[in-house]
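What follows is one structure encoded as structure tokens, with my remarks underneath.
2 protein chains.
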Amino acid sequence: MTQSPHAEGVRPLRADARRNQSQLLAAARDVFLERGVGAPLEEVARRAGVGIATLYRRFGDRQSLLRAVVLDALVHTKATAERALAEEPDGFDALTRYMHAVLDLRVSAVIPLVLDEIDLDDEELLPVRTASARAIQLIIDAAHADGTLPDDVTFADIGLMLVRLSRPLPGPIPPELNARLAHRHLDLLVEGLRPGRHSREPIGGPSMSLQDLRESSSRPPPTDASSSEDPAGTGTRHRR
Amino acid sequence: MTQSPHAEGVRPLRADARRNQSQLLAAARDVFLERGVGAPLEEVARRAGVGIATLYRRFGDRQSLLRAVVLDALVHTKATAERALAEEPDGFDALTRYMHAVLDLRVSAVIPLVLDEIDLDDEELLPVRTASARAIQLIIDAAHADGTLPDDVTFADIGLMLVRLSRPLPGPIPPELNARLAHRHLDLLVEGLRPGRHSREPIGGPSMSLQDLRESSSRPPPTDASSSEDPAGTGTRHRR
DNA sequence: GATATCCGGAGGAACTTCTTCCGTTTAGGT
DNA sequence: ACCTAAACGGAAGAAGTTCCTCCGGATATC
Chain R
1 MTQSPHAEGV RPLRADARRN QSQLLAAARD VFLERGVGAP LEEVARRAGV
51 GIATLYRRFG DRQSLLRAVV LDALVHTKAT AERALAEEPD GFDALTRYMH
101 AVLDLRVSAV IPLVLDEIDL DDEELLPVRT ASARAIQLII DAAHADGTLP
151 DDVTFADIGL MLVRLSRPLP GPIPPELNAR LAHRHLDLLV EGLRPGRHSR
201 EPIGGPSMSL QDLRESSSRP PPTDASSSED PAGTGTRHRR
Chain Z
1 MTQSPHAEGV RPLRADARRN QSQLLAAARD VFLERGVGAP LEEVARRAGV
51 GIATLYRRFG DRQSLLRAVV LDALVHTKAT AERALAEEPD GFDALTRYMH
101 AVLDLRVSAV IPLVLDEIDL DDEELLPVRT ASARAIQLII DAAHADGTLP
151 DDVTFADIGL MLVRLSRPLP GPIPPELNAR LAHRHLDLLV EGLRPGRHSR
201 EPIGGPSMSL QDLRESSSRP PPTDASSSED PAGTGTRHRR
């Protein structure tokens, strides 16, 4: 996943080892998000489809694994933010796009999770962290500047709402539904609850009743009730 | 906390026992919310300020405790919903008020949490559950009816957003700040992100920078940057 | 086809959590 | 003020998890 900037002199990993490493990283991100940073490492290994020994071989201990997950998250977040700002002329559009993209990374909630587990201020993490924060701040500044985002909505608001939206909902909800709900709820936040806004399009994602919700753990989620697109249900399409 | 409908023939609990029971219930709710339903019962007891034996004396096992927490949650939710609907003429106002009140109960996220741990369909829980759901649905219907809530915003949307907002944010955030942020983020959802809405008042709660956020685990949260009220910082004041 | 690199899973050590038991404390009536 | 049934707390053995290393076997790469 990460294009690891392999230091010179150290021979690169064998192909299978590299593959396992990135699978472990992805699995760790998901497991830590779902069950907290104290989750059993055996579950991480299992979900990555590798043996526990491989996890210990790639990442010496829980700390290193956490650090790697965070580093990965920061790098991707920064790239995502920069791309959004570069490609969307309107500040609000850039912000919206950034937020949806970050949800797909399933990454924003990792940083607060590890806050009392690892040191974010060391020389490896600090620069990436600063750069990432700056990239996000640029988007927010842009949205403030062209008046499309109220001044009292700040960095922390955006970041924390992303944390709330990124965390998988508790209970036996299938991951795919969870992802679609996250995007729908982001739409809800972005478009607001009140009606009568300038020609509001219907929000994306499944419009579910309590009944639907109850059945969602067994059956596949209902097709979008309010809109027609995304028949394949890839789960990555959404408004805007 | 609950006015337990003491069955006849069974002598009522002694005063200290009753107090401990409700403290345990509150502690259990918080601990399960923070660390999941698998959290050590010893921590529940510690937070309730009682010995572990007392927990086992009041609630035979983890299951019973979970059931009691859920029951408590449902009863309070229902009451809150009914009060909101009765006292607010406007549908949207009722909904908003209900949502803020539920956040204060710190209760909505418990139901999904226990979904695969206990049976919600038995004869004790089912009626309360149905009644509670109906009360909420009434509010939503009212808001739909007088056009203050878009039709495609459903029961599940409201419920799940409350779950997201009720769960304490991960990381070392003091509980009091967590509560204020939850209300602020609800305001964000309710009022939306876009500016220029009909004379929007500033949203409540701390308007924080990344810096503020970082320091929030050690220092007390900053006084509201955007508004002046709530100098005592009781944490229960918010917009609307 | 040789070999350095990597893999998986078993298994003992260490730790966490559960749950009961019993001597001590306290509420509430007289 | 005193008595007693009711309730309490914490210690401690049992049971269950999780950690982490070691080694025989598999596989990528030259």
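Here the protein sequences come in this chain order: R and Z.
Counted from 1, the first sequence has number 126 at position 126 by the numbering used here; the numbering is strictly sequential.
Counted from 1, the second sequence has number 3 at position 3 by the numbering used here; the numbering is strictly sequential.
In this text, a Cβ means the ideal position worked out from N, Cα and C, and glycines have one as well.
Since the structure is predicted, the reported quantities are computational estimates derived from the model, not experimental observations.
Handout entry: Beta-carbon proximity check, D187 (chain Z) vs G205 (chain Z), cutoff 8 angstroms
Key = Residue numbering aside, residue 187 (chain Z) sits at position 187 when the second sequence is read from its first letter. Residue numbering aside, residue 205 (chain Z) sits at position 205 when the second sequence is read from its first letter. Cβ distance < 8 angstroms, so D187 (chain Z) and G205 (chain Z) count as in contact.
Handout entry: Min CB distance P127 (chain Z) to chain R below 8 angstroms
Key = Residue numbering aside, residue 127 (chain Z) sits at position 127 when the second sequence is read from its first letter. For P127 (chain Z), the answer is no, since every Cβ of chain R falls outside 8 angstroms of its Cβ.
Exercise for the section: Grab the span of the alpha helix (DSSP H) containing T96 (chain Z) for me, first residue to last. Expected result: Locating residue 96 (chain Z) in the second sequence gives position 96, counting from the first residue. Counting along the chain, the alpha helix (DSSP H) containing T96 (chain Z) begins and ends at G91 to L105.
Problem - Buried or exposed by the 16-neighbour rule on C-beta atoms within 10 Å, applied to D30 (chain R) - result: The residue you call residue 30 (chain R) lines up with position 30 of the first sequence. Here D30 (chain R) is buried. Its C-beta has 16 or more other C-beta atoms within 10 Å.
Exercise for the section: Could you have a look at H198 (chain R) and say whether DSSP puts it in helix, strand or coil? Expected result: Your numbering for residue 198 (chain R) matches position 198 in the first sequence. Here H198 (chain R) scores only 47 on pLDDT, less than 50, and its place in the model should not be relied on; the value that follows carries that caveat. Here H198 (chain R) sits in coil by DSSP.
Exercise for the section: Find out if the Cβ-Cβ distance for the pair M161 (chain Z), A156 (chain R) is shorter than 8 angstroms. Expected result: Here the question's residue 161 (chain Z) lines up with position 161 in the second sequence. Here the question's residue 156 (chain R) lines up with position 156 in the first sequence. The beta carbons of M161 (chain Z) and A156 (chain R) sit no closer together than 8 angstroms.
Practice task
Measure from the alpha carbon of L177 (chain Z) to the alpha carbon of each residue in Z:D104, Z:L138, Z:D116 and Z:L193, then state which is nearest.
Solution key: For the purposes of this step, residue 177 (chain Z) is taken as residue 177 along the second sequence, with counting starting at 1. It is Z:D104.
Exercise for the section: Kindly say whether I241 (chain Z), judged by its beta-carbon, lies nearer than 8 angstroms to any beta-carbon of chain R. Expected result: Limits of chain Z in this structure are 1 at one end and 240 at the other, which puts residue 241 (chain Z) out of reach.
Handout entry: Within-8 angstroms CB hit, F155 (chain Z) to chain R
Key = The residue labelled residue 155 (chain Z) in the question sits at position 155 within the second sequence. Interface criterion met: the Cβ of F155 (chain Z) is under 8 angstroms from a Cβ in chain R.
Exercise for the section: If I'm right that A101 (chain R) touches T130 (chain R) with Cβ under 8 angstroms, what's the distance once you round it to whole angstroms? Expected result: One-based indexing of the first sequence puts residue 101 (chain R) at position 101. One-based indexing of the first sequence puts residue 130 (chain R) at position 130. The C-beta separation of A101 (chain R) from T130 (chain R) comes to about 21 angstroms, leaving the pair out of contact by the 8 angstroms criterion.
Exercise for the section: Can you pull the chain R residues whose beta carbon is under 7 angstroms from the beta carbon of L41 (chain Z), in chain order? Expected result: As a working mapping, residue 41 (chain Z) is identified with position 41 in the second sequence. The CB of L41 (chain Z) never comes closer than 7 angstroms to any CB in chain R; the least such distance is about 17 angstroms.
Exercise for the section: On a CA-only basis, which of R:F92, R:D151 and R:R106 is nearest A143 (chain R)? Give me that one, please. Expected result: Walking along the first sequence from the start, residue 143 (chain R) turns up at place 143. Per the Cα distances, R:F92.
Practice task
Report the three-state DSSP secondary structure of R167 (chain R) (helix, strand or coil).
Solution key: Here residue 167 (chain R) corresponds to residue number 167 of the first sequence, with the count starting at 1. Shown here, R167 (chain R) sits in coil according to DSSP, grouped into three states, outside any helix or strand.
Exercise for the section: Return helix, strand or coil for A109 (chain R), following the three-state DSSP convention. Expected result: Residue mapping note: residue 109 (chain R) aligns to position 109 of the first sequence, counting from 1. Looking at A109 (chain R) - three-state DSSP - the assignment turns out to be coil, as it is neither helix nor strand.
Exercise for the section: Counting only the same chain and skipping the five closest in sequence on each side, list residues whose C-beta sits under 6 angstroms from that of I136 (chain Z). Expected result: Along the second sequence, read from residue 1 onward, the residue named residue 136 (chain Z) stands at position 136. Excluding sequence neighbours, I136 (chain Z) sits near A81.
Practice task
Determine the burial state of R167 (chain Z): buried for a count of at least 16 other Cβ atoms within 10 Å of its Cβ, exposed for fewer.
Solution key: Position 167 of the second sequence, counting from 1, holds the residue named residue 167 (chain Z). Counting C-beta atoms within 10 angstroms of its own C-beta, R167 (chain Z) has 16 or more neighbours from the protein chains shown and is therefore classed as buried.
Problem - Residue-level contact to chain R via CB, H185 (chain Z), 8 angstroms cutoff - result: Along the second sequence, read from residue 1 onward, the residue named residue 185 (chain Z) stands at position 185. Yes, H185 (chain Z) counts as interfacial toward chain R.
Practice task
Given a cut-off of 8 angstroms, decide if S132 (chain R) and L74 (chain R) are closer than it, judged by their beta-carbon atoms.
Solution key: Residue 74 (chain R) sits at position 74 when you count from the first residue of the first sequence. Residue 132 (chain R) sits at position 132 when you count from the first residue of the first sequence. Result yes, Cβ atoms of L74 (chain R) and S132 (chain R) sit closer than 8 angstroms.
Practice task
Assuming R184 (chain R) contacts I158 (chain R) (C-beta within less than 8 angstroms), just tell me the rounded distance between them.
Solution key: Here residue 184 (chain R) refers to the residue found at position 184 of the first sequence. Here residue 158 (chain R) refers to the residue found at position 158 of the first sequence. Rounded, the Cβ-Cβ distance is 18 angstroms, inconsistent with contact.
Handout entry: Classification of D152 (chain Z) by the beta-carbon crowding that lies within 10 angstroms, buried from 16 upward
Key = Position 152 of the second sequence, counting from 1, holds the residue named residue 152 (chain Z). Per the 10 Å Cβ criterion, buried.
Exercise for the section: Tell me, please, whether the segment 36-44 of chain R touches the segment 14-23 of chain R by the rule of three or more beta-carbon pairs shorter than 8 angstroms. Expected result: Segments in contact, no.
Problem - Endpoints, the alpha helix (DSSP H) within which I136 (chain Z) is located - result: As a first step, residue 136 (chain Z) must be located in the second sequence, where it is residue number 136. Where I136 (chain Z) is concerned, the enclosing alpha helix (DSSP H) stretches over L125 to A145.
Practice task
Tell me whether T148 (chain Z) sits in a helix, a strand or coil according to DSSP, three-state version.
Solution key: In the second sequence, residue 148 (chain Z) corresponds to position 148, counting from 1. T148 (chain Z) falls in the coil class under three-state DSSP.
Problem - chain R contact residues for G91 (chain Z), given Cβ-Cβ distances below 8 angstroms - result: Taking the first residue of the second sequence as position 1, residue 91 (chain Z) is located at position 91. Neighbours of G91 (chain Z) on chain R: none; closest Cβ ~11 angstroms, over 8 angstroms.
Handout entry: Cross-chain neighbours of P175 (chain Z) in chain R, by beta carbon under 7 angstroms
Key = Within the second sequence, the letter at position 175 stands for residue 175 (chain Z). Result: empty, since nearest Cβ-Cβ is about 15 angstroms, beyond 7 angstroms.
Practice task
Using 10 angstroms around the beta-carbon of E191 (chain R), count the other beta-carbons present and answer buried if the total reaches 16, otherwise exposed.
Solution key: Taking the first residue of the first sequence as 1, we reach residue 191 (chain R) at position 191. It is buried - the Cβ of E191 (chain R) has at least 16 other Cβ atoms within 10 Å.
Exercise for the section: With DSSP collapsed to three states, give me the class of T154 (chain R). Expected result: As a position in the first sequence, residue 154 (chain R) is number 154, starting the count at 1. In this structure, T154 (chain R) counts as coil in the three-state DSSP scheme.
Problem - Three-state secondary structure (DSSP) of N178 (chain Z) - result: Locating residue 178 (chain Z) in the second sequence gives position 178, where the first residue counts as 1. Helix at N178 (chain Z).
Problem - Residue interval of the alpha helix (DSSP H) (run including A79 (chain Z)) - result: To locate residue 79 (chain Z), count along the second sequence from 1; it is residue 79. Per DSSP, the continuous alpha helix (DSSP H) segment holding A79 (chain Z) begins and ends at R62 to E87.
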